[in-house]
Amino acid sequence: MVLASALLEILQRPTIADVIAELMVFIAPLWIAVLVGVLVGWAWKPKWANFSCEFLGKDSSATPNSSSSSASSSGTILQTFSTSIPSFNLLKPQMPSFISWFSDNGVHHENSSLTSSILASGCSSSKNEIERASLVNQDDLRHLCQLVEEKDGGPAWIHMMDRSTANMSYQAWRRDPENGPPQYRSRTIYEDATPEMVRDFFWDDEFRLKWDDMLIHAETLEECPTTGTMTVQWVRKFPFFCSDREYIIGRRIWEFGRTYYCVTKGVPCSTVPRRQKPRRVDLYYSSWCIRAAESKRDGQLTACEVLLFHHEDMGIPWEIAKLGVRQGMWGAVKKIDPALRAYQKHRASGAELSRSALMAQINTKVNAEYMKLLESSSDLTEVETTDSSEKPLGRNVPKFLVVGGAIALACTLDRGLLTKAVIFGVARRFANIGKKL
Numbered sequence: 001m002v003l004a005s006a007l008l009e010i011l012q013r014p015t016i017a018d019v020i021a022e023l024m025v026f027i028a029p030l031w032i033a034v035l036v037g038v039l040v041g042w043a044w045k046p047k048w049a050n051f052s053c054e055f056l057g058k059d060s061s062a063t064p065n066s067s068s069s070s071a072s073s074s075g076t077i078l079q080t081f082s083t084s085i086p087s088f089n090l091l092k093p094q095m096p097s098f099i100s101w102f103s104d105n106g107v108h109h110e111n112s113s114l115t116s117s118i119l120a121s122g123c124s125s126s127k128n129e130i131e132r133a134s135l136v137n138q139d140d141l142r143h144l145c146q147l148v149e150e151k152d153g154g155p156a157w158i159h160m161m162d163r164s165t166a167n168m169s170y171q172a173w174r175r176d177p178e179n180g181p182p183q184y185r186s187r188t189i190y191e192d193a194t195p196e197m198v199r200d201f202f203w204d205d206e207f208r209l210k211w212d213d214m215l216i217h218a219e220t221l222e223e224c225p226t227t228g229t230m231t232v233q234w235v236r237k238f239p240f241f242c243s244d245r246e247y248i249i250g251r252r253i254w255e256f257g258r259t260y261y262c263v264t265k266g267v268p269c270s271t272v273p274r275r276q277k278p279r280r281v282d283l284y285y286s287s288w289c290i291r292a293a294e295s296k297r298d299g300q301l302t303a304c305e306v307l308l309f310h311h312e313d314m315g316i317p318w319e320i321a322k323l324g325v326r327q328g329m330w331g332a333v334k335k336i337d338p339a340l341r342a343y344q345k346h347r348a349s350g351a352e353l354s355r356s357a358l359m360a361q362i363n364t365k366v367n368a369e370y371m372k373l374l375e376s377s378s379d380l381t382e383v384e385t386t387d388s389s390e391k392p393l394g395r396n397v398p399k400f401l402v403v404g405g406a407i408a409l410a411c412t413l414d415r416g417l418l419t420k421a422v423i424f425g426v427a428r429r430f431a432n433i434g435k436k437l
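Heads up: the sequence shown at position 109 corresponds to 109 in UniProt numbering, and the numbers run straight through without jumps.
In structure tokens, the structure reads:
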């Protein structure tokens, strides 16, 4: 009765403006409380909450579409018990046979004069070269080729965006695998740019620090002058309510004519201990296919096409991450073009190449016969169509926790029926947010 009378009292206000003002009195504090609670709760989330999500989602976080990073889940589980529970490592690859890697038909490792400038701090032994090459190998090249040709067996891509400026055009797609974080695909055309320049630009960590606002630290941990394989450490800045994120990335480039297959992915690294902050991102995949393209101005091959495939598990609920990507994608992408133009001027000035740019020019060359062999030897697996109502287990906010928290909040307030209805409505919306994204 008290709740009903409170509602009637609000509705009996003499004017609509008074009713709306009364409603805002209840709604505004509620939304402020919800936002503050989300931010504070996320920033102060206990370690056991991270562990529970990771433990539930580890086996499901590596998708069939990222075969290069998921083949070693069993080795990861063993490593968990040999170190500490928070150090689950999704991407520890199984040690493949290296013999075929150095004797594959059609493969030639580029050893130009650039190699001599890197030998001083390159691989200390042939064993180290083999280990580094195995971090990013022909399986990763095969997987990237399948993504480029859209033959990886994954779900259909959903179109997200189509934007352009005077010097670039951009298209983006997203898909939601049955298990694992959202995956993104984009196609960018840069006018008046060569594939080699764009390749060096994306690889040049020293220059990236000047234009990528999120990157606050970049360091080369290991490099191999024979294959061009690198292991680098990145630290990226996240919003104030999240800790920064650390990435240990293995990367390598294959060259087929003037097409460059650039693979970067998360790899294990025993020399860099895991810390509480910044938090390490284990599941990370970001790879490009860079090649010449026709210019929209004159139809000549003076433009450069970049196909990017990206997914990562940042430790943020996937639905919230999707919303953030959707809102900030174009703002981040359009910053790349002026940075590329600045890099072109930097190179035209005769400035000395950075070490990472030098490594970008050490590519593993492959021929058409090898690419056909690589494609024919692929073992694709069918991926069943995913029901949009089914959501991954690892990063979803449990519905009963949200609704239960709303009940507890509602029971502590005595501000009328409207307040409680709004609380329950917000809880239902938040718990079902994944259905709308």
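Here a beta-carbon is modelled for each residue, glycine too, at the ideal position from N, C-alpha and C.
Among TYR247, LEU35, SER164 and LEU283, whose alpha-carbon lies nearest the alpha-carbon of LYS277? Here the question's residue 277 lines up with position 277 in the sequence shown. When each option's Cα is compared against that of LYS277, the closest is TYR247.
_DSSP three-state label for LEU353, please._
Here residue 353 refers to the residue found at position 353 when the sequence shown is read from its first residue. Correct three-state label for LEU353: coil.
Under 8 Å between the Cβ atoms of ARG251 and VAL263? To locate residue 251, count along the sequence shown from 1; it is residue 251. To locate residue 263, count along the sequence shown from 1; it is residue 263. Result yes, Cβ atoms of ARG251 and VAL263 sit closer than 8 Å.
| Is the beta carbon of VAL267 sitting closer than 8 Å to the one on THR220? | Residue numbering aside, residue 267 sits at position 267 when the sequence shown is read from its first letter. Residue numbering aside, residue 220 sits at position 220 when the sequence shown is read from its first letter. Taking 8 Å as the Cβ cut-off, VAL267 and THR220 do not qualify as a contacting pair.
**Item:** Beta-carbon separation (whole angstroms), ALA292 vs ARG258, contact threshold 8 Å
**Value:** Taking the first residue of the sequence shown as 1, we reach residue 292 at position 292. Taking the first residue of the sequence shown as 1, we reach residue 258 at position 258. With a Cβ gap of about 6 Å, ALA292 and ARG258 count as contacting.
Quick check for students: name the residue ranges of the beta strand (DSSP E) that lie wholly in the segment 177–233, counting only runs of 3 or more.
183–190 and 215–223
Strand pairing of GLY250, partner residues [DSSP] | Taking the first residue of the sequence shown as 1, we reach residue 250 at position 250. GLY250 pairs with THR231 and LYS265.
**Asked** Assuming ALA190 and CYS304 make a contact with CB atoms under 8 Å, what is their CB distance in whole Å?
**Response** Working through the sequence shown from its first residue, we reach residue 190 at position 190. Working through the sequence shown from its first residue, we reach residue 304 at position 304. Looking at the sequence itself, residue 190 is Tyr, so the reference to Ala does not match. Going by Cβ atoms, the distance from TYR190 to CYS304 rounds to 5 Å, so yes, they are a contact pair.
*Can you say whether VAL366 is buried or exposed, counting buried as having 16 or more other CB atoms within 10 angstroms of its CB?*
Here residue 366 corresponds to residue number 366 of the sequence shown, with the count starting at 1. It is buried - the Cβ of VAL366 has at least 16 other Cβ atoms within 10 Å.
Note to self: One question on the structure: do CYS289 and LEU135 come within less than 8 Å of each other, judged by their Cβ atoms?
What the structure shows: Against the sequence shown, residue 289 aligns to sequence position 289. Against the sequence shown, residue 135 aligns to sequence position 135. No; because the gap between Cβ atoms is not below 8 Å, this pair is not in contact.
Notebook entry, point to check: Taking the alpha helix (DSSP H) that LEU374 falls in, what are its first and last residues?
Noted result: Translated into positions along the sequence shown, residue 374 becomes position 374. Start and end: 368–376.
Going by DSSP, which residues form a beta bridge with GLU255?
As a working mapping, residue 255 is identified with position 255 in the sequence shown. According to DSSP, GLU255 bridges with TYR260 and LYS365.
| Do the CB positions of LEU11 and VAL19 come within less than 8 Å of each other? | Taking the sequence shown and counting its residues from 1, one reaches residue 11 at position 11. Taking the sequence shown and counting its residues from 1, one reaches residue 19 at position 19. Contact: yes.
- prompt: Under the rule that 16 or more other beta-carbon atoms within 10 Å means buried, what is GLU312, buried or exposed?
  reply: In the sequence shown, the residue the question calls residue 312 occupies position 312. So GLU312 counts as buried.
Sub-8 Å separation of HIS310 and SER286 beta-carbons:
Counting from 1 along the sequence shown, the entry for residue 310 is found at position 310. Counting from 1 along the sequence shown, the entry for residue 286 is found at position 286. Contact flag set, yes.
By Cβ distance below 7 Å, which residues in the same chain neighbour VAL148 in space, the five residues on each side in sequence not counted?
Position 148 of the sequence shown holds residue 148. Counting only Cβ-Cβ distances below 7 Å, and skipping sequence neighbours, we find CYS289 and LEU307.
- Message: Going by DSSP in three states, SER270 sits in which element: helix, strand or coil?
- Response: Working through the sequence shown from its first residue, we reach residue 270 at position 270. Here SER270 sits in coil by DSSP.
- What are the residues that DSSP puts in a beta bridge with GLN171? By one-based count along the sequence shown, residue 171 stands at place 171. ASP162 and ARG187.
**OP:** Pull up the distance between the alpha-carbon of LEU23 and that of LEU323, whole angstroms please.
**Re:** Here residue 23 refers to the residue found at position 23 when the sequence shown is read from its first residue. Here residue 323 refers to the residue found at position 323 when the sequence shown is read from its first residue. Those two C-alpha atoms are separated by around 28 Å.
How many Å lie between ASP337 and GLY153 at the Cα? As a first step, residue 337 is located in the sequence shown; it is residue number 337 there, counting from the start. As a first step, residue 153 is located in the sequence shown; it is residue number 153 there, counting from the start. Spanning the two alpha carbons is a distance of roughly 32 Å.
- Query: With distances taken between CB atoms, is the gap from PRO225 to ILE362 smaller than 8 Å?
  - Reply: Numbered from its first residue, the sequence shown carries residue 225 at position 225. Numbered from its first residue, the sequence shown carries residue 362 at position 362. With a cutoff of 8 Å on beta-carbon distance, PRO225 and ILE362 are scored as near each other.
Using the beta-carbon count (16 or more within 10 Å), is MET371 buried or exposed?
If you number the sequence shown from 1, residue 371 lands on position 371. Buried, by the Cβ-count rule.
Notebook entry, point to check: With respect to the beta strand (DSSP E) encompassing GLU312, which residues constitute its N-terminal and C-terminal limits?
Noted result: In the sequence shown, the residue the question calls residue 312 occupies position 312. Unbroken beta strand (DSSP E) run through GLU312: 303–312.
> Which of helix, strand or coil does DSSP assign to ALA156?
Replying inline: As a working note, residue 156 is residue 156 in the sequence shown. Here ALA156 sits in coil by DSSP.
Tell me, which residues are paired with TRP288 by DSSP?
Indexing the sequence shown from 1 puts residue 288 at position 288. TRP288 pairs with CYS262 and LEU308.
- prompt: So what does ARG347 bridge to, in DSSP terms?
  reply: Residue numbering aside, residue 347 sits at position 347 when the sequence shown is read from its first letter. In the DSSP output, where bridge partners are listed per residue, ARG347 has none listed.
Please confirm whether ALA321 and PRO182 have their CB atoms less than 8 Å apart. Here the question's residue 321 lines up with position 321 in the sequence shown. Here the question's residue 182 lines up with position 182 in the sequence shown. Their beta carbons are under 8 Å apart, which means ALA321 touches PRO182 by this criterion.
- Candidates ALA21, ALA368 and TYR343: which alpha carbon is nearest ALA193's? What you label residue 193 is simply residue 193 of the sequence shown in a count that begins at 1. Nearest of ALA21, ALA368 and TYR343 to ALA193, Cα basis: TYR343.
If distances are taken between C-alpha atoms only, which option among ARG297, THR271 and MET197 comes closest to ALA166? Taking the sequence shown and counting its residues from 1, one reaches residue 166 at position 166. Of ARG297, THR271 and MET197, the residue nearest in Cα terms is ARG297.
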